[in-house]
Structures are given as C-alpha cells and as structure tokens.
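Visitor: Before anything else, here's the structure in question.
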Amino acid sequence: MRKLVFSTLVCCWIALTSIQAQIATPQPSPGASISQRVGLVDVKVDYSRPSLRGRKLFGEVREYGKIWRTGANQATKITFSDDVTLNGSKVPAGEYALLSIPTAKEWTIILSKDLKTTEQSYKQENDVVRFTAKPVSLPAKVETFTIDFSDLTTNGGNLNICWENVKTSIKIETDVDKKVMAQIKEKVIDNPTPAAGDLFAAAVYYLDNNRDLPQALTWMNKATETNPQFWQLHQKAKLQAKLKDYKGATETAKKSIELAKAASNNDYVKMNEKLLAEMPKK
C-alpha cells in the first residue's frame, strides 16, 4: 500500500513538474487592447495583431470579398459605454464583434452581437449594423496590423484599421451636447446653490458653443467672485471680448497675465497677450 501511494505521488510530481516547465514562446499574433474616450463615450478595442512577415496582405494573408475577423486568433471586440454613430449608422451601447469584408474600393464593416463568431461560423442574422468605409493608401508600410484612434474632437473621432499600405477609417460621432446640457440643467440651472466649478464649466461650454453669452457671463462672474485663477480669468476675458466688452476683457486679461506670471505659467501669459492683440483698439 505504501509503495502504491509513493508511486502515485511520484507520478503526480512528475506531471506537475512537466506542466510547470512548459516552454513559453512568443505568440505570432499577440493580443492588444486600446481605449479612448471619444466625446463622453469610452471606446475600447480588444484585438490580435498579426504581422506580414514578407507576405502580401491581399492575395496571401487575406482575400478580397471574404468575411474577416479584422485581426487574428478570434474576432476583434469593440465596446461602447454609450450610444454612438458609426459612419452614419446608429449603434447602441454594448460589446460587439468587429468584422469586415474588404475589397479594393470599399470595405463592409460589420458589428455582430455574437462575440465568439468566427469567419466560418459567422451568421448575418446576428448583425447589429453593417455599413461601408473607404480604404485609402498609406505612404509608409505598416508591418503589424494596427487599430488606433485619430482626429479627435469634442464629440467624435476616427477609428482606423491599418495594415500594409491600407488604412480604413470609421467615423465615430457622439451626442455630447444633449448630455452636457442635461448636466447643466441639473447642476446649474435647477440647482439653487451650484458649485463654482459647475458654474465655470457651464459658462465655458456656452462660450465654446456660442450659446446665450450674457447668461454665460453671469455664471462666470459667480464662479470667479472668490479667489479667481488665471486660467478662469482667461476664459472670462474671452467671453467679455465675444460680448464686445473690450474694456472689461482687457482688464480681465491683464489680471490673468499678472496671476499667470506669479504662477510661472508662460503659456497663459502668451494666450492672454494674443487675446489682447486681437481685440479692436479704441
């Protein structure tokens, strides 16, 4: 009995040692994850990154007109924390498999609710949306398949699919204004005691979007009535200038310069000086 137990323990030890000693080698298509806040929406892409390794993209690695998981190993996954619009198509918040059908002149982009779909198991009935995107030629070769973000604005940006000398971009649009205005209503307009930070944020949003500037100035004055900072006063000077109160804007910009110099912030000194130079001289 003791021999049997000993033999069993030895076999288990050998098996465990064999598992622990397994050689780790690099993956040919390592996994990657990229996240980006677009407007007020968090967008995340999880995908695998194959390399060309001397091959041609179309003709060897991929075939035109065939469904592609837009990466390697498994379908690429894309996640949106809120509703978005992709190349004009509405997409609800959620997780999707990102598939594509490339051709020389146009790519069909597909978002599927089947996160485990493969090129062989793909079913069009699981599509949440499909739309087209135009590929463009890149001046420099991209050796390793890459998905990234570019051209970000306050309410959108581009998701780019790049490999070899081809880039296909998907335009992402988000409804920032609706969400920001709802917050302003809740935290400022309907709030009898709004915080100074919320007043300032609301004023700057109105300034940037050319909305009810007198109201924006009222909020700005309240936000800066106690211990104003140079960066706040710069925005106030911009707002006053937009309302054509050049005398007030000049005084505010000069005060902002004074505080910026005390804080050793030369960037704001320059921005205020530029604002002063652009205002009409009277």
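All the letters of the sequence shown, read from the start, carry residue numbers -23 to -1, 1 to 259 under mature numbering (1 follows the signal peptide of the UniProt record, and there is no 0). All C-beta atoms, glycine included, are put in the ideal place defined by N, C-alpha and C.
Tell me whether the stretch 109 to 117 and the stretch 17 to 36 touch, counting them as touching only if at least three CB pairs, one residue from each stretch, are closer than 8 angstroms.
Guide: Because the criterion of three Cβ pairs below 8 angstroms is not met, the stretch 109 to 117 and the stretch 17 to 36 do not touch.
Visitor: With a cut-off of 8 angstroms, do at least 3 Cβ pairs link the stretch 55 to 64 to the stretch 72 to 91?
Guide: yes
Visitor: Would you identify the three-state DSSP class for G225, choosing helix, strand or coil?
Guide: Residue 225 sits at position 248 when you count from the first residue of the sequence shown. G225: helix per DSSP, three-state reduction.
Visitor: Which one of V68, Y182 and L76 has the shortest CA to CA distance from A92?
Guide: Counting from one through the sequence shown, the residue named residue 92 turns up at place 115. The sequence given here places Leu at residue 92; Ala does not occur at that position. Nearest of V68, Y182 and L76 to L92, Cα basis: L76.
Visitor: Please report how far the alpha carbon of I44 lies from the alpha carbon of Q(-2), in whole angstroms.
Guide: Your numbering for residue 44 matches position 67 in the sequence shown. Your numbering for residue -2 matches position 22 in the sequence shown. The alpha-carbon of I44 is positioned some 35 angstroms away from that of Q(-2).
Visitor: With distances taken between CB atoms, is the gap from S28 to G8 smaller than 8 angstroms?
Guide: For the purposes of this step, residue 28 is taken as the residue at position 51 of the sequence shown. For the purposes of this step, residue 8 is taken as the residue at position 31 of the sequence shown. No, the pair does not count as a contact, with Cβ atoms beyond the cut-off.
Visitor: Helix or strand or just coil, what does DSSP make of S28?
Guide: What you label residue 28 is simply residue 51 of the sequence shown in a count that begins at 1. Note: S28 maps to strand in three-state DSSP.
Visitor: Which of helix, strand or coil does DSSP assign to T123?
Guide: Walking along the sequence shown from the start, residue 123 turns up at place 146. Strand at T123.
Visitor: At what residues does the beta strand (DSSP E) containing V143 begin and finish?
Guide: By one-based count along the sequence shown, residue 143 stands at place 166. It spans G133 to E150 - the beta strand (DSSP E) in which V143 sits, taken as one unbroken run.
Visitor: Tell me the rounded alpha-carbon separation between E120 and R30.
Guide: The residue you call residue 120 lines up with position 143 of the sequence shown. The residue you call residue 30 lines up with position 53 of the sequence shown. Straight-line Cα distance between these residues: approximately 8 angstroms.
Visitor: What are the boundary residues of the beta strand (DSSP E) that includes E250?
Guide: Taking the first residue of the sequence shown as position 1, residue 250 is located at position 273. Taken as a continuous stretch (DSSP letters only), E250 belongs to no beta strand (DSSP E), being part of the alpha helix (DSSP H) at N243 to E255.
Visitor: Skipping 5 residues on each side, what residues in its chain have a beta carbon closer than 6 angstroms to that of K199?
Guide: Indexing the sequence shown from 1 puts residue 199 at position 222. Only L176 meet the Cβ criterion.
Visitor: Please determine, among D125, S98 and K82, the residue with the shortest C-alpha to C-alpha distance to R14.
Guide: Start at 1 with the first residue of the sequence shown, and residue 14 comes out as number 37. That would be D125, whose Cα lies nearest to the Cα of R14.
Visitor: Does the stretch 133 to 151 come close enough to the stretch 164 to 176 that 3 or more CB-CB pairs lie under 8 angstroms?
Guide: no
Visitor: Would you tell me roughly how many angstroms separate the C-alpha atoms of V(-19) and T2, rounded to the nearest one?
Guide: On the sequence shown, residue -19 is found 5 positions in, with the first residue counted as 1. On the sequence shown, residue 2 is found 25 positions in, with the first residue counted as 1. Only weak support exists for where V(-19) lies, its pLDDT of 49 falling under 50; the value from the coordinates is given anyway. Roughly 36 angstroms separates the two Cα atoms.
Visitor: Starting from V105, follow its DSSP beta bridges and name the residues at the other end.
Guide: Here residue 105 refers to the residue found at position 128 of the sequence shown. For V105, which the question treats as bridged, DSSP gives no partner whatsoever.
Visitor: Hey, could you find the ends of the beta strand (DSSP E) Y73 is sitting in?
Guide: Along the sequence shown, one-based indexing puts residue 73 at 96. Where Y73 is concerned, the enclosing beta strand (DSSP E) stretches over G71 to P79.
Visitor: Measuring alpha carbon to alpha carbon, tell me which of N50, F122 and K221 ends up nearest E96.
Guide: As a working mapping, residue 96 is identified with position 119 in the sequence shown. When only C-alpha atoms are compared, the closest one is N50.
Visitor: Mapping the DSSP letters down to three states, classify T56 as helix, strand or coil.
Guide: For this step, residue 56 is matched to residue 79 along the sequence shown. It is a strand residue.
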